[in-house]
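Scroll down for the structure; my scribbles are underneath it.
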Ligand code: IVH
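In this note's numbering, the protein residues as written are 259 to 993.
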């Protein structure tokens, strides 16, 4: 990768990079979720997300409204219907200084120049750091609730919103419009957040990063009972589509919301001058730490709805409102020790363990130290790195937490450094598995990577779970019913340590049943605690019939003879994505041959003496293969795996002779006999080109059930359309 290390990005480069990453990650999300056709591996995706996080950690002020990190904790929604907002959900322009606020008011004055005597009134209220939601009421009844989504289209989360006590199912009082979309913020209090963390820790459950992300995750639960257990809150502060204005002003409209049964911020005021607005900003800021929930600024809005309408909108933002942000909150504490965590890709990530301190209402005990150079304050060439800090155990540090952003160290208070504090020695050995941890040289820049990485791969427990998740993932062995969640469960229960163990799970049926039952029990208990109800007819573990289990074991067995390319990809060797795996499969035909060449290459002084020159395979991949096959500890893991699994030798199809060779093919609808990526790979092997959309260049459309617009486009263009079976026959795979 030719990417600049995060630590040497300038402010403007960082802004550019965050923008690029937001767009790129959004595009990959779309390909994965909407098109069901990801173009990068999970690991590559994670690398993008991590880079985004790292940059945000260094530049908290640059965090974008559309940042992927603001979606963290919101697992990909399954099965939420899309809702198009009748009136788009907007975001707000930001002000950071008093001068920015003065400019905002001046813009208003100039716009309303015609009415010189007009005294414009504004409202001022806290900007709640949660998730916005839109609630549609018809004749006073809550009929539909949606997330903001991209502002134009959100997701239907009505059932989950109905569990929030602050949201009336029926409006109270009278005088509400026939139809109105009430908008406001769903948030989680610190107390609730801490309680959830405690409940989760007690059962060894997941860790929660902050109240906002947790609220987001809680809203996107498939089971509303889980949402209910999170005790989310809601403030109403705006509205979208409505058949009548609630009142002539913003302030009075929000007061109406209160009469109708909503919670509204008690800190909302009406003000006439900039001085009053700024004074209120400081009043709110003073109360910030005692509110019990996150706010990240104060929102000013023009009060008269008539003036709001006249002033109007610019791209996605009202001109008549602005969010005056608070500076990041800071606190002082000490570094008690420095731990090294081994990440999913083997990266050694240093973490400072702090004396617990409250920043912005959340207790901070850990903070990332990014990497070795950051801790030293200079890089391996002795050059000082920007914001590098020379932090030592025992140091007093100032930390900050800006809104949603992960806390970070702002500076070390050198005056308070203990006399005996010594520079931190970064380990060169993986603390988890004892393998050497090295810094790679980036081939393009010739520079050392800022991260030190464990070379233990499969034998390193820290990397094992991630490796296992990858092993069963979609482009890899794709074992149905064995997703990341079950892998985690089985790994933690000691039932699956390496990939080979997956194939012997069946032999440990009672233990598997017990692990699954334990989880169900736990979930039921949590639900019970949340709802206050107790279950009747609790069946014992033995009584439960896990029909699903037979299915799971059958799905595992069905994968004992995987395609070679999938198997190679599944091994999770660094830099070997699906495409490279396919190239290797084609080149070596059998796993035995790949292993043989891999090992010889690892032994050779010059890898090029052994490894054939292959189109599309460069030194990065060759070195990765060398590392993998040269690591003797991977041998045992591979041997055990190959005792269970027999990858099919790769047979090169006669592409030139194939009927579809040279043709452009589009797959649409649901395929029943193969996955999309399988279909694509198969077609490409036969020399066809696979396109994502139908155009005049398309030769053939393979349509399964549920095919929609592409099918129509094909018939409009007179392109041949066939079903899956015909396709299989045509490529000589038909039964
Ligand atoms: S008004 C027409 N008021 O901030 C303007 N937004 O940056 C619509 N937010 O997506 C928003 N507190 O999620 C408004 N008191 C408040 C708010 C608020 C939090 C959020 C909201 C919006 C984002 C815009």
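Note that beta-carbon positions come from the ideal geometry of N, C-alpha and C, so glycine has one too. Only a predicted model underlies this, so the values are computations on that prediction, with no experimental measurement involved.
Proximal residues to residue i (C-beta, below 7 Å), its chain only, five neighbours per side dropped
i           : result
residue 801 : Only weak support is given to the placement of residue 801: the predicted model assigns it a pLDDT of 43, under 50, and the question is left unresolved by the model.
residue 613 : 591, 592 and 594
residue 245 : Lying before the first or after the last residue shown, residue 245 is absent from the chain, which here runs from 259 to 993.
residue 275 : 267 and 313
residue 869 : 855, 859 and 880
residue 342 : 410 and 411
residue 865 : 859, 880 and 884
residue 502 : 435
Residue span of the beta strand (DSSP E) that contains residue i, given as start and end
i           : result
residue 624 : 620-626
residue 528 : 527-529
residue 466 : Neither: residue 466 is in no beta strand (DSSP E) and is coded neither H nor E.
residue 632 : That residue, residue 632, is in no beta strand (DSSP E); its alpha helix (DSSP H) goes 630-634.
residue 322 : First-last for residue 322: undefined, no H or E at that position.
residue 608 : 606-617
residue 655 : 654-659
residue 262 : No beta strand (DSSP E) contains residue 262, which DSSP labels as neither H nor E.
residue 926 : 922-926
residue 669 : 666-670
residue 351 : 351-353
residue 345 : Premise fails: residue 345 is in no beta strand (DSSP E) and is neither H nor E.
Residue interval of the alpha helix (DSSP H) (run including residue i)
i           : result
residue 974 : 967-975
residue 986 : 982-988
residue 641 : First-last for residue 641: undefined, no H or E at that position.
residue 359 : 356-369
residue 278 : 269-287
Close beta carbons around residue i, own chain, < 6 Å, minus the five adjacent residues each side
i           : result
residue 396 : 437
residue 648 : 635
residue 856 : 883 and 887
residue 491 : 424 and 445
residue 965 : 926 and 927
residue 979 : 959, 961 and 972
residue 494 : 440, 442, 515, 520 and 522
residue 272 : 313, 317 and 320
residue 698 : 707
residue 955 : 922
residue 453 : none
Distance CB(residue i)-CB(residue j) smaller than 9 Å
i           : j           : result
residue 814 : residue 760 : yes
residue 208 : residue 589 : Outside the displayed range of the chain (259 to 993) lies residue 208, so it cannot be described from this structure.
residue 715 : residue 885 : yes
residue 827 : residue 733 : yes
residue 532 : residue 281 : no
residue 391 : residue 381 : no
residue 658 : residue 587 : yes
residue 971 : residue 948 : no
residue 650 : residue 625 : no
residue 431 : residue 517 : yes
residue 740 : residue 773 : no
residue 819 : residue 936 : no
residue 560 : residue 582 : no
residue 536 : residue 356 : yes
residue 695 : residue 606 : yes
Own chain, CB closer than 8 Å to residue i, minus 5 neighbours either side, in chain order
i           : result
residue 333 : With a pLDDT of 38 at residue 333, under the threshold of 50, the modelled position of this residue cannot be trusted, and the question is left open.
residue 803 : Its pLDDT being 49, under 50, residue 803 is placed unreliably in this model, and the value from its coordinates should be taken loosely. Closer than 8 Å at Cβ, skipping near neighbours: no residue.
residue 622 : 589, 591, 612, 614, 615, 616, 657, 659 and 665
residue 348 : 409, 571, 574, 575 and 576
C-beta neighbour in chain B for residue i, strict 9 Å
i           : result
residue 526 : No chain B appears in the structure shown, which is made up of a single protein chain.
- Test item, CB below 5 Å from any non-hydrogen atom of the ligand NAP: This structure simply doesn't include the ligand NAP; it includes the ligand IVH instead.
- Query: In chain order, which alpha helix (DSSP H) runs of at least 4 residues are fully inside the stretch 714-782?
  - Reply: 719-730, 742-750 and 757-760
- Query: Would the stretch 709-721 and the stretch 592-612 be scored as touching if the rule is three or more Cβ pairs under 8 Å?
  - Reply: yes
- Query: Is there contact between the stretch 429-444 and the stretch 511-524, where contact requires at least three CB pairs shorter than 8 Å?
  - Reply: yes
- Message: Which complete alpha helix (DSSP H) runs does the stretch 824-905 hold, if anything under 4 residues is left out?
- Response: 836-846, 849-861, 865-868, 877-888 and 890-902
- Scan the stretch 471-530 and note each continuous beta strand (DSSP E) run of 3 residues or more that stays entirely inside, going in chain order. Secondary structure remark: continuous beta strand (DSSP E) runs of at least 3 residues inside the stretch 471-530, in chain order: 491-500 and 527-529.
- Query: Touching or not, the stretch 666-681 and the stretch 568-584, by the rule of three or more beta carbon pairs under 8 Å?
  - Reply: no
- Decide yes or no for the touch test of the stretch 902-910 against the stretch 969-985: beta carbon pairs closer than 8 Å, at least 3 of them. no
- Query: Do the stretch 381-392 and the stretch 546-557 touch if we need at least three Cβ pairs shorter than 8 Å?
  - Reply: yes
- State whether the stretch 317-326 contacts the stretch 623-638, with contact taken as three or more CB pairs (one from each stretch) at a distance under 8 Å. no
- Stretch pair the stretch 889-899 + the stretch 922-931: three plus CB contacts closer than 8 Å: In this structure the stretch 889-899 does not touch the stretch 922-931; the number of beta carbon pairs closer than 8 Å is below three.
- Message: As an exercise, report each continuous alpha helix (DSSP H) stretch of at least 4 residues that is fully enclosed by the stretch 932-960, in chain order.
- Response: 934-943
- Entirely enclosed alpha helix (DSSP H) segments - the stretch 539-593, minimum 4 residues: Segments of the alpha helix (DSSP H) lying fully in the stretch 539-593: 563-569.
- Message: As an exercise, report each continuous beta strand (DSSP E) stretch of at least 3 residues that is fully enclosed by the stretch 385-452, in chain order.
- Response: 389-396, 399-405, 411-413 and 437-445
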